[in-house]
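>
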Amino acid sequence: MKKPELAHLVAVHMGLGHLRAAYPLRSISPEGIIVWGSRGHVSRGEKKYWRLWRRIYYHLSRVGSYPVIGKLALKILISAERIPPFYPQRDLSRPTVGVRLLKFFIRKANLARSLPEYLKGDNLPVINTFYATAIALDMNVKGQEPLRENYVIICDADVNRVWVPEKPAESQLRYLVPCSRAKARLINYGVKKENIFVTGFPLPTENIGSEERMEGLKIDLMTRLGQLDPSGKFFAYYGQTVHQLLGLNRIPGSASRPFTIMFAIGGAGAQVEIVGKILKSLNKEINSAQVRLIFACGVQRKVLEKILKFINQEGLLPQIGRNIYLIYQDDVFNYFDQFNRWLRQTDILWTKPSELSFYCGLGIPILMAAPIGPQEERNRRWLMDIHAGLVPPGPPECCAEWLSDLRKNGRLAEAAWAGFIKARKLGTYKIAKLLETGQFTEE
Amino acid sequence: MLAMTALVIWHRPTTRQKKSLDSPSPSPSQDYPLVSLLKPVKGMDDGLEANLESFYQLDYPLYEVLFAVDDWQDESLAIIKKLAARYPRIHTKILATGDPLAENPKIHKLSWLESESRGRLLWVTDASVRVEPQTLRLLVEKYSSSKAKLIFSPVLGTNSRSLASLMENTYLNFFTSGNIIALWKLFRQPVVMGKSILLDRSALKALGGFKYFKDYLAEDYLIGKSFQDSGFKVDTNYIWIKNISEQASLRSFFKRTARWARMRSKLNRPAYLAELLLNPVVIALAAMAAFGAPFLKLALAVAAGKIILEYVNFLAVNIPDRKRLVNHLSFPAMVIAKDLLLFAVYLMPFFSNTVDWRGHHFKIGKNSLITPQTDLEKLIYEEA
Chain A
31 MKKPELAHLV AVHMGLGHLR AAYPLRSISP EGIIVWGSRG HVSRGEKKYW
81 RLWRRIYYHL SRVGSYPVIG KLALKILISA ERIPPFYPQR DLSRPTVGVR
131 LLKFFIRKAN LARSLPEYLK GDNLPVINTF YATAIALDMN VKGQEPLREN
181 YVIICDADVN RVWVPEKPAE SQLRYLVPCS RAKARLINYG VKKENIFVTG
231 FPLPTENIGS EERMEGLKID LMTRLGQLDP SGKFFAYYGQ TVHQLLGLNR
281 IPGSASRPFT IMFAIGGAGA QVEIVGKILK SLNKEINSAQ VRLIFACGVQ
331 RKVLEKILKF INQEGLLPQI GRNIYLIYQD DVFNYFDQFN RWLRQTDILW
381 TKPSELSFYC GLGIPILMAA PIGPQEERNR RWLMDIHAGL VPPGPPECCA
431 EWLSDLRKNG RLAEAAWAGF IKARKLGTYK IAKLLETGQF TEE
Chain B
46 MLAMTALVIW HRPTTRQKKS LDSPSPSPSQ DYPLVSLLKP VKGMDDGLEA
96 NLESFYQLDY PLYEVLFAVD DWQDESLAII KKLAARYPRI HTKILATGDP
146 LAENPKIHKL SWLESESRGR LLWVTDASVR VEPQTLRLLV EKYSSSKAKL
196 IFSPVLGTNS RSLASLMENT YLNFFTSGNI IALWKLFRQP VVMGKSILLD
246 RSALKALGGF KYFKDYLAED YLIGKSFQDS GFKVDTNYIW IKNISEQASL
296 RSFFKRTARW ARMRSKLNRP AYLAELLLNP VVIALAAMAA FGAPFLKLAL
346 AVAAGKIILE YVNFLAVNIP DRKRLVNHLS FPAMVIAKDL LLFAVYLMPF
396 FSNTVDWRGH HFKIGKNSLI TPQTDLEKLI YEEA
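Protein chains in written order, with this note's numbering: chain A, 31 to 473; chain B, 46 to 429.
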């Protein structure tokens, strides 16, 4: 069957978040995902910019762990990425230094300036997952006929002003946002309401099933709830609602797999240091097959190797392939594929509140590691607002204890259920429909 | 350099190795796991038949030999088949794996061999390697006693029948094995050379198998580094593995060392820059050229010193070659010519990142990452 060619999909390699947002939509684009800034797409000069930018990003993501200068650098980073308080609501459309700097890079340093040239040849819409390419295109399409529809997917619950062009009222850029809070923020930044679509974050359809019935998601959730609620506390309160909404009659029995925790290490390799503590705490449970740990190591060899080192230190090497699994691929899209498949068998996702926060919509409780940067602070806030995320109640070295408590009191099952009920799940379908029909109805 | 020479002499093949090699055969009651010998082969290496045959004469209870060639037209196949027929007691398997365009061809072969092998231990050796009957047993004993997951070995270049071969073998014994031993002894830094690596299969599997290294040209070095970084113990028992180079040409020597130089420069640039200090002949000649006659004596003294060090190494290590008079007579001139040639080799990475290897042209990046020319979607994470 011929693939529907609905839009070009432009992502950048700046951590995994912007690529992850593009991955579920890969089939709507004629050429798959265009990773702007990687070789083959950009000139040698521009590639250098992107490489430099990427390096800065990676260092900034880890800056807090640097000795001596770490804390100071982190403060500088946070102030540079600052997202202003939401209240009192006010006009924030005035461009910030970041906005002007981006404009300068696009105009003078040719950042993403060759993207329109690259896309020349058709008039398909473009979906960006990173603001720089979206704004570069927006600066280019002004005054051109016919206009190419230009979208950008917002990857966090709240964003910095830099995601919006200098003059938002004149901009043609359309926003696909994951939640209402992001929409409200964009309006404050001066984006026209008609250019904002609250679609939800694009989640992998292979974890959902069909748009109408969400059968895969529901079956996985039912099994998961059984795993998360061994004492039956959650089902005592919510059992009837669960059965009604999921349309499944049976109360889940014990699953054929151990209680499964996925620990996701960010694209820049943050959080790797707590792996040793987690392994130490859960050593007994892993050896007795009560707990299964999945480490999503990303695409960096040094992360995988460091995790293996911790596994070796804990004498858990024989458990690899039994109760410890490592997700690593050198190709980012193969990694997402593997990640999504394992997610179906995951009971808790332990991650920093990155774009993965929105995966709570799949009915997976999010255990939140320390956030990095203001946007992750906002994601954390959002997760807590909808009760789908939990802050670990104790240090990672005691996780065996508090995980057991959270299971017993049904709190994890509640979070899984809240995520399923309150977070948007159908972002991928809604974006495809919007492109196909031009119509959008907000939930 | 003095320390390096001293350490090489201390661990020279004649002392420990001979003692170890004379130890009795393994008794059936001892725990010797099944070992899969993985041999990627391409074309005819010097002394190929004798090299391969030495792997059929191992004093080890249970092992299998797996060969990988590019295709069924490979010249080496006749020899492999002949040996397999001559030693029917030893399970032999031959695979034709094809020739990948954009990944390390040796790793491509090893991945296939790994998937077809059954051993708990994998012993990877090159086709140019010749071993003693007890070598595998000693490696496995080291594996068992040290609880290491990888055992590597210094390399003894030998059987020189041409000046270029003598150059190559001297280079291997002095520079390469000198570094392998010195860096391990002084800094516990494993410099693993693909001529011989004994690996624990489960440890390799934890990394995802040989495929984990498919994008890198310096796969042997990175295997050692990844094992160590992943917390797997790496060790050596200083059993020298013979690498047979009989009829090398100056061209092949230059090409091989230039390839290695490019890889080393991409693995650790500061260390590579410091390597110049291991070529004092060139430094002394440069000083003489720059400052004139007063440095002539110094240059001569340095050259003489370097010749003596290498000659001591030659006498201590390369026992088969020291039996040929011509090797002794040509040795001083060979050392000077080699060092001048190696200086040209040293400069190569500053001008080009392209490596030629058995018909492949690779552009290499950080950590010897192979950069394919036409891949649009694949991302290079080494940049980060």
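For each residue, glycine too, the CB sits at the ideal point set by N, CA and C.
Note that this is a predicted model, so its numbers are computed, not measured.
Please identify the residue among A:E242, A:P118 and A:V272 whose C-alpha is closest to the C-alpha of L255 of chain A.
Here residue 255 of chain A corresponds to residue number 225 of the first sequence, with the count starting at 1. Selected option, being the one with the closest Cα: A:V272.
> Which residue or residues does DSSP assign as beta-bridge partners of M292 of chain A?
To locate residue 292 of chain A, count along the first sequence from 1; it is residue 262. DSSP lists A:I324 and A:L379 as partners of M292 of chain A.
> Note down, in chain order, all residues in the region 271-294 of chain B with a beta-carbon under 8 angstroms from any beta-carbon belonging to chain A.
Taking 8 angstroms as the Cβ-Cβ cut-off against chain A, the residues of the region 271-294 of chain B that qualify are S271, D274, S275, G276 and F277.
> Quick one: Cα of F340 of chain A to Cα of I152 of chain B, how far?
Position 310 of the first sequence holds residue 340 of chain A. Position 107 of the second sequence holds residue 152 of chain B. So the alpha carbons of these two residues sit roughly 27 angstroms apart.
> Grouping DSSP H, G and I as helix and E and B as strand, with all else coil, what is Q469 of chain A?
Counted from its first residue, the first sequence places residue 469 of chain A at position 439. Coil, per DSSP.
> Buried or exposed: which applies to W80 of chain A, given that a residue is buried once 16 or more other Cβ atoms fall within 10 Å of its Cβ?
The count along the first sequence starts at 1 and reaches residue 80 of chain A at position 50. It counts as buried.
> Among A:K307, A:P383, A:A446 and A:G351, which residue has its Cα nearest to the Cα of I324 of chain A?
For the purposes of this step, residue 324 of chain A is taken as the residue at position 294 of the first sequence. Residue A:G351 is the option with its Cα nearest to I324 of chain A.
> At a Cβ threshold of 7 angstroms, is A303 of chain B touching chain A?
Against the second sequence, residue 303 of chain B aligns to sequence position 258. Not closer than 7 angstroms to any Cβ of chain A, the Cβ of A303 of chain B fails to qualify, so no.
> Comparing the C-beta of V339 of chain A with each C-beta of chain B, is any distance below 7 angstroms?
Counting from 1 along the first sequence, the entry for residue 339 of chain A is found at position 309. Rather than Val, the amino acid found at residue 339 of chain A in this sequence is Lys. Chain B, which has a Cβ nearer than 7 angstroms to the Cβ of K339 of chain A, makes this yes.
> Between which two residues does the alpha helix (DSSP H) containing D274 of chain B stretch?
One-based indexing of the second sequence puts residue 274 of chain B at position 229. Taken as a continuous stretch (DSSP letters only), the alpha helix (DSSP H) holding D274 of chain B covers E264 to D274.
> Is it buried or exposed for Q273 of chain B, if we count other Cβ within 10 angstroms and need 16 for buried?
Position 228 of the second sequence, counted from the first residue, corresponds to residue 273 of chain B. Answer is buried; the Cβ neighbour count reaches 16.
> Restricting to Cα atoms, I'd like to know which of B:L323, B:A331, B:L181 and B:L249 is closest to W285 of chain B.
Position 240 of the second sequence, counting from 1, holds the residue named residue 285 of chain B. Residue B:L181 is the option with its Cα nearest to W285 of chain B.
> Let me know the secondary structure DSSP gives N313 of chain B once reduced to three states.
Counted from its first residue, the second sequence places residue 313 of chain B at position 268. Here N313 of chain B sits in coil by DSSP.
> Using alpha carbons as the reference points, say which of A:T229, A:V362, A:R411 and A:Q330 lies closest to L465 of chain A.
If you number the first sequence from 1, residue 465 of chain A lands on position 435. Here the closest residue by C-alpha is A:T229.
> Buried or exposed: where does L167 of chain B fall if 16 or more other Cβ atoms within 10 Å of its Cβ makes it buried?
Numbered from 1 along the second sequence, position 122 holds the residue referred to as residue 167 of chain B. It counts as buried.
> Skipping 5 residues on each side, what residues in its chain have a beta carbon closer than 8 angstroms to that of G128 of chain A?
Against the first sequence, residue 128 of chain A aligns to sequence position 98. The residues are A110, N190, R191 and V192.
> Can you name the residues of chain B whose CB is closer than 9 angstroms to the CB of Y205 of chain A?
As a working note, residue 205 of chain A is residue 175 in the first sequence. Per Cβ cutoff of 9 angstroms: no residues; Y205 of chain A is ~26 angstroms from chain B at best.
> Any C-beta of chain A sitting closer than 7 angstroms to the C-beta of S74 of chain B?
Counted from its first residue, the second sequence places residue 74 of chain B at position 29. The predicted position of S74 of chain B is uncertain, since its pLDDT is 48 and thus under 50; no value can be drawn from it.
> Rounded to whole angstroms, what's the CA-CA distance from R131 of chain B to M292 of chain A? Just pull it up for me.
In the second sequence, the residue the question calls residue 131 of chain B occupies position 86. In the first sequence, the residue the question calls residue 292 of chain A occupies position 262. Roughly 53 angstroms between the two C-alpha positions.
> Once DSSP output is grouped into helix, strand and coil, what is the label at D401 of chain B?
The residue given as residue 401 of chain B occupies position 356 in the second sequence. The answer is strand: DSSP assigns D401 of chain B an E or B state.
> Within 7 angstroms (strictly less), CB to CB, does E335 of chain A reach chain B?
By one-based count along the first sequence, residue 335 of chain A stands at place 305. Interface residue, yes.
> Report the neighbours of S162 of chain B on chain A: residues whose CB is nearer than 7 angstroms to its CB, in chain order.
Here residue 162 of chain B is taken as the residue at index 117 of the second sequence, counted from 1. Going along chain A, no residue has its Cβ under 7 angstroms from S162 of chain B, so there is no contact; the nearest lies around 18 angstroms.
> Using a C-beta to C-beta distance shorter than 7 angstroms, which residues of chain B count as neighbours of I308 of chain A?
For the purposes of this step, residue 308 of chain A is taken as residue 278 along the first sequence, with counting starting at 1. Correct list: empty, because the minimum Cβ distance to chain B is about 16 angstroms.
> Please name the residues in the region 74-90 of chain B whose beta-carbon is closer than 7 angstroms to at least one beta-carbon of chain A, in chain order.
For the region 74-90 of chain B, which is checked against every Cβ of chain A, not one residue is closer than 7 angstroms.
> Indicate whether A349 of chain B and L295 of chain B have their beta-carbon atoms separated by less than 7 angstroms.
Against the second sequence, residue 349 of chain B aligns to sequence position 304. Against the second sequence, residue 295 of chain B aligns to sequence position 250. Result no, Cβ atoms of A349 of chain B and L295 of chain B do not sit closer than 7 angstroms.
> Please state whether DSSP places D91 of chain B in a helix, a strand or coil.
Counting from 1 along the second sequence, the entry for residue 91 of chain B is found at position 46. Correct three-state label for D91 of chain B: coil.
> Is Q343 of chain A close to chain B? Criterion is C-beta to C-beta, closer than 7 angstroms.
Stepping through the first sequence from its first residue, residue 343 of chain A is reached at position 313. Chain B contact via Cβ: present.
> Would R204 of chain A and Y181 of chain A be called neighbours here (beta carbons separated by less than 7 angstroms)?
Here residue 204 of chain A corresponds to residue number 174 of the first sequence, with the count starting at 1. Here residue 181 of chain A corresponds to residue number 151 of the first sequence, with the count starting at 1. The answer is yes: Cβ separation under 7 angstroms.
> At what residues does the alpha helix (DSSP H) containing I225 of chain B begin and finish?
Sequence index remark: in the second sequence, residue 225 of chain B carries index 180 (1-based). Per DSSP, I225 of chain B belongs to the alpha helix (DSSP H) from S222 to F232.
> For A141 of chain B, which of helix, strand or coil comes out of DSSP?
Along the second sequence, read from residue 1 onward, the residue named residue 141 of chain B stands at position 96. In the structure shown, A141 of chain B sits in a strand (DSSP, three-state: E or B).
> Find the nearest neighbour of I58 of chain A within the set A:Q202, A:G45, A:P232 and A:S434, judged by alpha-carbon distance.
Within the first sequence, numbered from 1, the residue matching residue 58 of chain A stands at position 28. Nearest C-alpha to I58 of chain A: A:P232.
> For H406 of chain B, count neighbouring C-beta atoms within 10 Å of its own C-beta (all shown protein chains included) and say buried if the count is 16 or more, exposed if not.
What you label residue 406 of chain B is simply residue 361 of the second sequence in a count that begins at 1. So H406 of chain B ends up on the exposed side.
> Assuming W109 of chain B is part of the beta strand (DSSP E), what are its boundary residues?
Counting from 1 along the second sequence, the entry for residue 109 of chain B is found at position 64. Here residue 109 of chain B is Glu; the residue named in the question, Trp, does not match the sequence. Per DSSP, E109 of chain B belongs to the beta strand (DSSP E) from Y108 to V114.
> Look at the alpha carbon of P383 of chain A and the alpha carbon of C429 of chain A, and state the distance between them as a whole number of angstroms.
Locating residue 383 of chain A in the first sequence gives position 353, where the first residue counts as 1. Locating residue 429 of chain A in the first sequence gives position 399, where the first residue counts as 1. In a straight line, the C-alpha of P383 of chain A is about 18 angstroms away from that of C429 of chain A.
> By the criterion of Cβ-Cβ separation under 7 angstroms, what are the contact partners of Y358 of chain A in chain B?
Locating residue 358 of chain A in the first sequence gives position 328, counting from the first residue. Per Cβ cutoff of 7 angstroms: G253.
> Can you give me the Cβ contacts of F299 of chain B inside the same chain, cut-off strictly under 8 angstroms, excluding the 5 residues immediately before and after it?
Here the question's residue 299 of chain B lines up with position 254 in the second sequence. Once the five neighbours on either side are set aside, the close Cβ partners of F299 of chain B are L386, A389 and V390.
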